[in-house]
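Start counting the sequence shown at 504; every next residue gets the next number (the working numbering).
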Amino acid sequence: MDLAGRDLVAIGDLADDELEALLDTARSFQDDPLGARGRLDGRIVCTAFFEPSTRTRLSFESATHRLGGAVIGFSDAGATSTKKGETLEDTIRVLAGYADLVVVRSPQAGAVRRAAGIVDVPVVNAGDGAGEHPTQTLVDLFTMQRHFGSLRGRRVALVGDLKYGRTVHSLVPALERFDAVPVAVPAPGLGLPDGLGEGVPTTDLESAAATCDVLYVTRVQQERFHDAMAYEAARDAFRVDAELLERMSSKAIVMHPLPRVGEVAADVDPLPSAKYFEQARNGVPVRMAILAHLLGEAP
Ligand code: NCD
């Protein structure tokens, strides 16, 4: 296993032992922050975000700083030469000359794979349209592992926009590899895409809550809808609140990649089962592990 110099575009890019190694390193960085110090001394990470982001970009930047590296990048492509008509390919070629690793978020599925194919530095997919979001999946697995230990046999109910939600697209195959059991609870018309949904049972929210170990709630991806009414109907079709959680087992947890826009009520926040802010915090050690491995500086 050697992750040094590699890209991370899809969760399938990682072999099982590589997934485990990243999670182990994340654990060691979280438990012993001193062990991370100075690993990326003199290295530069570029965050190229062509779509809005709070957690993914800033946790990558925080992770870089925690490892002693420096960050360049942009969070508003409208302030770059993309605005003048420059292609993604040309932009990436240039960024690869300025940094040792490039983290890319794009509104277009497949764009990050294309970018990765044309430069020699590692390229990390921070979300490509309705495609994948592999680093979020590592954060999700890490959060579940920290809570449950082993994921084997754990039932993970995926609630909401399973059609456009890229976090789910990376998470489903990863759960299957850890012998966890994904269960689909789609908003109307927003089921898992073909090729991902086979073998994943579908249920309703109440039964899912009563039987799952993890309620993984997602936002309806407004930016992928052309029809405002269809978006609103899908968004209003489900809501997780404290009353629903009374059905859950006492060990079960609620996760969400965030941002939430009403699908998890604020009355869930104070409950011990609410794990989404801890999940967001876990973005830092997990992304530290990703950067350290891809840049050949892992423990
Ligand atoms: C997700 C994303 O961008 O796909 N956010 C994140 O990275 N935590 C989820 C979303 O936007 O709904």
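Don't be surprised by glycine CBs; every beta carbon is placed ideally from N, CA and C. All values derive from a computational prediction rather than experimental measurement.
Residue state for Arg608 is assigned as strand, using DSSP reduced to three classes. In the DSSP assignment, Tyr734 falls within the alpha helix (DSSP H) that extends over Ala731 to Arg738. The closest heavy atom of ligand 1 lies less than 7 Å from the beta carbon of Thr721.
Met758 is bridged by DSSP to Tyr719.
One alpha carbon belongs to Gln533, the other to Gly652, and they sit about 16 Å apart. With a contact defined as Cβ atoms closer than 8 Å, Thr638 and Ile793 qualify at about 6 Å. Ser673 is positioned such that its CB atom lies closer than 8 Å to that of Ile514. The residue from Pro760, Glu592 and Ala599 with its alpha-carbon nearest to that of Gly576 is Ala599.
Of the residues assessed, Pro691 falls on the exposed side of the cut-off, its CB having fewer than 16 other CB atoms within 10 angstroms. When distances are taken from the beta-carbon of Gln611 to the heavy atoms of ligand 1, even the shortest one reaches 7 Å or more.
Going by C-alpha positions, Leu798 is about 18 Å away from Arg560.
Taking the CA atoms as reference points, Val574 sits about 45 Å from Ser710. By the neighbour-count criterion, in which 16 or more other beta carbons inside 10 Å mark a residue as buried, Ile756 falls on the buried side.
Per DSSP, the continuous beta strand (DSSP E) segment holding Pro685 begins and ends at Val684 to Pro689.
Look at His672: its beta carbon is at least 7 Å from all of the heavy atoms in ligand 1.
Below 8 Å, too few C-beta pairs join the region 672-688 and the region 613-623 to call them touching: fewer than three. DSSP places Phe552 in no alpha helix (DSSP H) but in the uninterrupted beta strand (DSSP E) bounded by Ile547 to Phe552. Distance between Thr594 and Ala712, taken at the CA atoms: about 45 Å. Residue Arg669 holds the alpha-carbon nearest to the alpha-carbon of Pro610 among Leu774, Thr567, Gly700 and Arg669. If you check the C-beta of Ser565 against ligand 1, you find no heavy atom less than 7 Å away. Counting only runs that start and end inside the region 513-563, the alpha helix (DSSP H) elements of at least 4 residues fall at 519-534. Beta-bridge partners of Val626 (DSSP): Val605. A contact between stretches requires three or more CB pairs, one per stretch, nearer than 8 Å, and the region 780-791 fails this requirement with the region 736-748.
DSSP lists Ala551 as the beta-bridge partner residues of Phe577. For Arg790, the CB contacts under 7 Å within the same chain, skipping 5 residues up- and downstream, are Ser562, Phe563, Ala566 and Thr638 in chain order.
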